[in-house]
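Asks: Sharing a structure with you now.
Residue numbers (the numbering used here): 23 to 433.
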């Protein structure tokens, strides 16, 4: 991927210099375009031309809009018609270039072979998923429940060691210390998070002490609150005409109330009132299945505002008030919360931060309706809670636009 970054930067900078003759901006603007491409996961799909092309369209378009806004704001004469044409051409060139580089590098890079310290029956499915997601970059060749003698005999055949069980690690502590100069010792939590972008619950159970340290020290960032205030104000200004028109339409179609109010579970399991523009007709709710017959209750305007998430735009007000955040785990209905809490380990860890208007789970996973799906969704939420940064929040906001267009996720 680093080769693709460098190649993309060079071709963007060179073309910018050739058509604008602006040396400094030609060196700076590729960072903006590449950041937008990265945010839209363009570089994760280098070996899939169709997927890379769609993400190139999103990334370069959004990156170009930010570039034009920056130039306008600071009155920089850089965004010429020739540059616009060049950026349009790059929408098609960069996916093809990265596809070729990906094929070349995949042949040149040797897979990393691991000796796995752990029981195959307990961890095989997760390691198989990591192997598939990494496209064979990581290969888990042999599993051992080790004795010092067995470990010494086998380690010479492998590149790295993967620890998947802290208890088994203790049995070969001295041997692991001896091979540190020749072999890299990796731990399953780091590898699983890096490749899967979520925290499998089985991994958390195996490495409970390691994760407890992280989750016991979760604190809200002041920078995140500043970002919430800034974007919620912008959101309210931008969406206020749309909210007004939608509210009038709802009133005409089905009368009052225009707003849908519902208690939801927020930070530290505190209940708060969540608002939406009402998109459904009133009806008796089945507490065991709140979404039962939901499609039959949708208003005509409701279909549109649900699909475009306009119904949730009123939540910018809750973000401004501090009840929610721009990015975070989506707030659950009390009924679902009570159903999931006893059955999903570490479920309440997702409530250590404020719920969000959008979230990591929403852009990476489908709408959840079964217990198993809620478990996977929780794994994505836990990954966000542990690894969140302002840059990650910004990436999630950008990817939410993609989610809106392809209608993936939602909650």
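Note that CB positions come from ideal geometry on N, CA and C, so glycine has one too.
1. For the beta strand (DSSP E) that residue 247 lies in, which residues bound it at each end?
2. Check for me: the beta strand (DSSP E) holding residue 225 runs from which residue to which?
3. Please state whether DSSP places residue 28 in a helix, a strand or coil.
4. Mind checking residue 375: buried by the 16 CB within 10 Å criterion, or exposed?
5. Inspect the CB distances between the region 263 to 278 and the region 320 to 331 and report whether three or more fall short of 8 Å.
6. Figure out for me which residue from 340, 345 and 335 has the closest Cα to the Cα of residue 289.
7. If residue 265 sits next to residue 299, beta carbons under 8 Å apart, how far is it from one beta carbon to the other, in whole angstroms?
8. Answer yes if the region 203 to 213 comes into contact with the region 119 to 126, meaning at least three C-beta pairs across the two stretches below 8 Å, and no otherwise.
9. What does a CB cutoff of less than 8 Å around residue 159 pick up in its chain, not counting 5 residues either side in sequence?
10. Along the beta strand (DSSP E) that carries residue 285, what are the first and last residues, could you check?
11. Does residue 283 pass the burial test, meaning 16 or more other C-beta atoms within 10 Å, or should it be called exposed?
12. Could you tell me whether the region 136 to 156 touches the region 67 to 76, using the rule of 3 or more Cβ pairs below 8 Å?
13. For the 8 Å Cβ check, are there 3 or more pairs between the region 146 to 154 and the region 105 to 117?
14. Per DSSP, what are the beta-bridge partners of residue 355 in this structure?
15. Report the residue ranges of all alpha helix (DSSP H) runs contained in full by the region 55 to 142; include only those spanning at least 4 residues, in chain order.
16. In angstroms, rounded to a whole number, what distance separates the CA positions of residue 30 and residue 161?
17. Just the Cα atoms here: how many angstroms apart are residue 45 and residue 423?
18. Taking C-alpha atoms, which residue in 269, 42, 401 and 114 lies nearest to residue 334?
19. Looking at C-alpha atoms only, which residue of 182, 405 and 28 is the closest neighbour of residue 434?
20. Among the candidates 175, 247 and 361, whose CA atom is the shortest distance from the CA of residue 411?
21. With distance defined between alpha-carbon atoms, name the residue in 209, 239 and 237 nearest to residue 225.
22. Since residue 185 and residue 207 should fall inside the 8 Å C-beta cutoff, what is the C-beta to C-beta distance between them, to a whole number of angstroms?
23. On the premise that residue 221 lies in contact with residue 1, defined as a C-beta separation below 8 Å, what is that separation, rounded to the nearest angstrom?
24. Taking the alpha-carbon positions, what's the residue 263 to residue 256 distance?
Replies: Checking against the coordinates, here is how it stands:
1. Here residue 247 refers to the residue found at position 225 when the chain shown is read from its first residue. Per DSSP, residue 247 belongs to no beta strand (DSSP E); it is in the alpha helix (DSSP H), 244 to 276.
2. Mapped onto the chain shown, residue 225 falls at position 203. Here residue 225 belongs to no beta strand (DSSP E); instead the alpha helix (DSSP H) covers 223 to 228.
3. As a first step, residue 28 is located in the chain shown; it is residue number 6 there, counting from the start. Three-state DSSP puts residue 28 in a helix.
4. Translated into positions along the chain shown, residue 375 becomes position 353. Buried.
5. yes
6. The sequence position of residue 289 within the chain shown is 267, counting from 1. The option with the nearest alpha carbon to residue 289 is 345.
7. Taking the chain shown and counting its residues from 1, the one referred to as residue 265 is at position 243. Taking the chain shown and counting its residues from 1, the one referred to as residue 299 is at position 277. About 7 Å; that satisfies the 8 Å criterion.
8. no
9. Counted from its first residue, the chain shown places residue 159 at position 137. Only 131, 133 and 134 meet the Cβ criterion.
10. Counted from its first residue, the chain shown places residue 285 at position 263. Unbroken beta strand (DSSP E) run through residue 285: 281 to 287.
11. Taking the chain shown and counting its residues from 1, one reaches residue 283 at position 261. Burial call: exposed.
12. no
13. no
14. The count along the chain shown starts at 1 and reaches residue 355 at position 333. Paired residue(s): 286.
15. 71 to 95 and 103 to 130
16. Position 8 of the chain shown holds residue 30. Position 139 of the chain shown holds residue 161. Near 29 Å, if we compare the C-alpha coordinates of residue 161 and residue 30.
17. Mapped onto the chain shown, residue 45 falls at position 23. Mapped onto the chain shown, residue 423 falls at position 401. When rounded, the distance between both Cα atoms is 32 Å.
18. Within the chain shown, the letter at position 312 stands for residue 334. The option with the nearest alpha carbon to residue 334 is 269.
19. Nothing about residue 434 can be reported from this structure: the residues present for the chain run from 23 to 433 only.
20. Reading the chain shown from its first residue, position 389 is the one you call residue 411. That would be 247, whose Cα lies nearest to the Cα of residue 411.
21. Translated into the one-based positions of the chain shown, residue 225 becomes position 203. If we check each option's Cα against that of residue 225, 209 comes out closest.
22. On the chain shown, position 163 is the one that residue 185 refers to. On the chain shown, position 185 is the one that residue 207 refers to. At roughly 7 Å, the Cβ-Cβ gap stays under 8 Å, so residue 185 and residue 207 are in contact.
23. With the chain covering 23 to 433 only, the question about residue 1 has no answer from this structure.
24. As a working note, residue 263 is residue 241 in the chain shown. As a working note, residue 256 is residue 234 in the chain shown. Each residue's Cα considered, the two are about 13 Å apart.
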